[in-house]
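Okay, so here's the structure we're looking at.
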């Protein structure tokens, strides 16, 4: 009898212990999950509330973070759990200008302040080389090269490799075999249009015999392998854009028709799309376009696209023939396709599935906005997060992630008509007023860096230590760099 009671007590004890352990584990897991999801206990009203997370990073790293007047214990990169509301953030580092931003955090979300670029209080500049004159300077996409054209009438170009601390200079000349012989004494001119994405080729437009022009793909590594698109394919081209295969495919506009050329097998495609008023290339393989009024379709204008593998172009939207300021841009952000459209003074942003073959379009409106100007440039940032409209006075940026629009006025009106220029995925630069000025994408943290020549490109080195540009002096045009990281 005694043994039975003893066994019963042991069983009850074990059951209690095991139940307590199980309940403890469940409680700990639940608490940890709540912490991970950003929940915290509000002592004022006795409620459990979900907050968010802020991630901090800066260039250079090691900056202190002040969050809502409270200095955080960790230097950048760092993070902090926060309430779901608006927060003020200031990042500071000795001998650098402070960086600040106000950000709204929603429950369960992560706010990324990973793009803070701290600028030294005094940007020390270093003169690297002096040129008697400079007609153009264009930096490459991955910030490894700067192409400098001293004389706009000369087929010779200077190349500067800025990958290492000591820049390396070379010159290259378009071979005479790649140019059509001029028939008159009229001066010729050469204009750098763009770099290929892999930085192996430069696209050059040459004008000669007063009113004749041709497009040449200049091979950076071996100029003798340069290709004259105009003469090779016997076409009169008004616009050329690099495409896939490392710049060996290009898209060309002849009259109002867009075609694709293959430099390796010397082939010219059939018309990809006709009646084109303007076009651009997204992701190297997709042509987006705007047509002129079409008499065969009630004089309507259309925006559409065609990409590699499609048999025919697809129309995205139709507009009346009198529509002005009609532009389109494509982007992708976190695997979601976006279409930005301007017409008149309206900006629309759509998201979803584009029409293709038997698949109908499934696009919904993300945002509509009335612009101040009916004459703008429309672009989407390379990372797909920002929709930008620009005029000579400034720009507006719509942030897809934060769902807000910020308008920015340039410190000086732009004297050179060119699209917005990016330092990286979050920083825009302007040379208006012959001063290099950095802007956050939303116009915040504007910083004057150094004097430059407006219209000539600048580039930040891959390690973010230097910014390279050209400035005007009494002795000529100086290629210089400013030091952005002090140690």
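Residue numbers (the working numbering): 13 to 499.
All C-beta atoms, glycine included, are put in the ideal place defined by N, C-alpha and C.
No experiment lies behind these values; they were computed from the predicted model shown.
Pick helix, strand or coil for residue i, following the three-state DSSP scheme.
i	result
residue 103	strand
residue 174	coil
residue 30	helix
residue 87	coil
residue 54	Any reading at residue 54 needs caution, since the residue's pLDDT is 49, under 50, leaving its predicted position unreliable; the model's value is listed next. Of the three classes helix, strand and coil, the one that applies to residue 54 here is strand, per DSSP.
residue 135	coil
residue 180	strand
residue 502	What the structure shows of the chain is the stretch from 13 to 499, and residue 502 is not part of that stretch, so it cannot be assessed.
residue 96	coil
residue 309	helix
residue 499	coil
residue 470	coil
residue 20	helix
residue 198	coil
residue 130	coil
residue 25	helix
residue 121	coil
residue 455	coil
residue 349	strand
residue 78	strand
residue 186	coil
residue 439	strand
Could you tell me which of the options sits nearest to residue i, measuring between CA atoms?
i	options	result
residue 154	286, 376 and 470	470
residue 129	487, 461, 486 and 493	461
residue 299	263, 334 and 211	263
residue 357	402, 78, 97 and 106	402
residue 79	94, 294, 157 and 72	94
residue 490	32, 292, 72 and 142	142
residue 453	485, 479 and 412	412
residue 312	191, 442 and 287	287
residue 474	109, 91 and 156	156
residue 350	191, 211, 97 and 379	379
residue 373	317, 480 and 92	317
residue 75	28, 64, 109 and 321	109
residue 340	216, 459 and 290	290
Starting from residue i, follow its DSSP beta bridges and name the residues at the other end.
i	result
residue 191	Beta-bridge pairing links residue 191 to no other residue.
residue 418	409
residue 485	488
residue 494	137 and 479
residue 232	Bridge partners of residue 232: none, in fact.
residue 425	In the DSSP output, where bridge partners are listed per residue, residue 425 has none listed.
residue 158	151 and 172
residue 144	BP columns for residue 144 are empty, so no partner.
residue 211	Residue 211 is not bridged to any residue.
residue 463	447
residue 325	Note: residue 325 sits in no beta bridge, so no partner.
residue 340	353
residue 226	218
residue 68	90 and 125
residue 316	301 and 327
Less than 7 Å between the CB of residue i and some heavy atom of the ligand MN, yes or no?
i	result
residue 137	Looking at this structure, you won't find the ligand MN or any other ligand, since it has none at all.
**Report entry** Start-end ranges of the alpha helix (DSSP H) lying completely within the region 267 to 301, minimum 4 residues
**Finding:** Here no run is fully enclosed.
Requested in this report: Decide if the region 108 to 120 is in contact with the region 80 to 91; the criterion is three or more beta carbon pairs, one per stretch, under 8 Å apart.
Outcome: For the pair of segments examined, the region 108 to 120 was found not to touch the region 80 to 91: the number of CB pairs separated by less than 8 Å stays below three.
Query raised in the report: Can you list, in chain order, the stretches of the beta strand (DSSP E) that have 3 or more residues and sit fully within the region 352 to 406?
Result: For secondary structure counted as the beta strand (DSSP E) over 3 or more consecutive residues, the region 352 to 406 holds these complete runs in sequence order: 358 to 365, 374 to 382, 389 to 392 and 398 to 403.
Query raised in the report: For the 8 Å Cβ check, are there 3 or more pairs between the region 414 to 423 and the region 394 to 406?
Result: The region 394 to 406 and the region 414 to 423 touch, with three or more beta-carbon pairs separated by less than 8 Å.
Query raised in the report: How do the region 251 to 260 and the region 181 to 196 stand: do at least 3 beta-carbon pairs fall below 8 Å, yes or no?
Result: These segments do not touch.
Requested in this report: Would you be able to state if there are at least three C-beta pairs under 8 Å between the region 196 to 212 and the region 136 to 150?
Outcome: Flag = yes, the region 136 to 150 and the region 196 to 212 touch.
Query raised in the report: Would you say the region 171 to 178 touches the region 116 to 126, given that touching needs at least three Cβ pairs under 8 Å?
Result: Flag = no, the region 171 to 178 and the region 116 to 126 do not touch.
Query raised in the report: Quick check: the region 337 to 356 against the region 305 to 312, are there 3 or more CB pairs under 8 Å?
Result: Counting Cβ pairs under 8 Å, fewer than three are found: no touch.
Query raised in the report: Do the region 268 to 287 and the region 326 to 336 touch if we need at least three Cβ pairs shorter than 8 Å?
Result: Not touching, per the Cβ criterion.
Query - Segment contact flag, the region 264 to 275 with the region 358 to 368, C-beta cutoff 8 Å, min 3 pairs - result: Flag = no, the region 264 to 275 and the region 358 to 368 do not touch.
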